[in-house]
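Chains as they are written, first to last, in the numbering used here: chain P, 1 to 114; chain B, 115 to 228. Quick notes on the structure that follows.
Below you can see the structure in the form of structure tokens.
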């Protein structure tokens, strides 16, 4: 079974630029999560999708971050414009019905904002 | 407000000795707890979990203990092996069965020396 795929793996941008991350969850997983992990901290949930609907986006900085999950499969997370404090690893995870919290994580995208 | 805390950023143990990782939480309503393991450049992988109605769960060399009165859980690795060297995150969830989000601790980096 293929795992959660993410791209790119690394991205370096200047502040005020835009960036987008892509995630392809495990086939059949209805729930998809985006986390932000700042160095020295644990992952923090940014947004949770159930199929293509948003379940929780309470910690998503909506003035600069946006996410979508068209057709309930792939998802993209966008930052526009980026700030220095957005430097982090962005993790995508997915889970299947009946085991919501046994989440399977992708390798993450390491973002550096200069 | 850090609801889940891992107060030891790092831990070093000798191969064959007992390894104990600790985690404290503040919200008595959490109903499910999990441990994840993370190797460099990879996403976290699920290790073991425990429901709030239990006080112990065992899976091979890994045992998780939950002390609800102290709001404390611990992960015991017996015996630890060099391949167990990784960052360990504890996580807690509200409304686990309804897909509640995970709240992670900061992580403890475990080093198992041969």
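For glycine and all other residues, C-beta sits at the position ideal for the given N, C-alpha and C. Quick caveat: nothing in here was measured; it's all calculated off a predicted structure.
Buried or exposed for residue i, going by 16 or more other Cβ atoms inside 10 Å?
i: residue 198 (chain B); result: buried
i: residue 205 (chain B); result: buried
i: residue 123 (chain B); result: exposed
i: residue 215 (chain B); result: buried
i: residue 67 (chain P); result: buried
i: residue 37 (chain P); result: buried
i: residue 103 (chain P); result: buried
i: residue 128 (chain B); result: exposed
i: residue 58 (chain B); result: There is no way to answer for residue 58 (chain B), as the model of chain B reaches only from 115 to 228.
i: residue 97 (chain P); result: exposed
i: residue 221 (chain B); result: buried
i: residue 217 (chain B); result: buried
Report all residues from its chain with a CB closer than 6 Å to the CB of residue i; omit the five preceding and five following residues, and keep chain order.
i: residue 21 (chain P); result: 77, 90, 109
i: residue 137 (chain B); result: 120, 187, 204, 219
i: residue 10 (chain P); result: 110
i: residue 179 (chain B); result: 170, 188
Am I right that residue i and residue j are in contact with their C-beta atoms under 8 Å? What's the rounded C-beta distance?
i: residue 164 (chain B); j: residue 176 (chain B); result: No, residue 164 (chain B) and residue 176 (chain B) are not in contact; Cβ-Cβ is about 11 Å, not under 8 Å.
i: residue 18 (chain P); j: residue 59 (chain P); result: Not a contact, Cβ separation roughly 21 Å.
i: residue 144 (chain B); j: residue 166 (chain B); result: 7 Å
i: residue 141 (chain B); j: residue 116 (chain B); result: That belief does not hold up - the Cβ atoms of residue 141 (chain B) and residue 116 (chain B) are roughly 11 Å apart, past 8 Å.
Take residue i as the anchor and find which of the options has the nearest alpha-carbon.
i: residue 56 (chain P); options: P:103, P:48, P:43; result: P:48
i: residue 155 (chain B); options: P:106, P:16, P:112, P:114; result: P:106
i: residue 32 (chain P); options: P:65, P:73, P:44; result: P:73
i: residue 26 (chain P); options: P:113, P:18, P:93; result: P:93
i: residue 195 (chain B); options: B:217, B:130, B:118; result: B:130
i: residue 30 (chain P); options: P:113, P:85, P:50; result: P:50
i: residue 153 (chain B); options: B:225, B:201, B:209; result: B:201
i: residue 40 (chain P); options: P:114, P:95, P:87, P:113; result: P:87
Inset, instruction - Give the residues from the stretch 212–226 of chain B that approach chain P closer than 7 Å (Cβ to any Cβ), ordered along the chain. - result: Result list: 213, 215, 216, 218, 219, 220, 221.
Legend entry - chain B contacts made by the stretch 44–74 of chain P, where a contact means CB separation under 8 Å: Result list: 44, 45, 48, 50, 55, 56.
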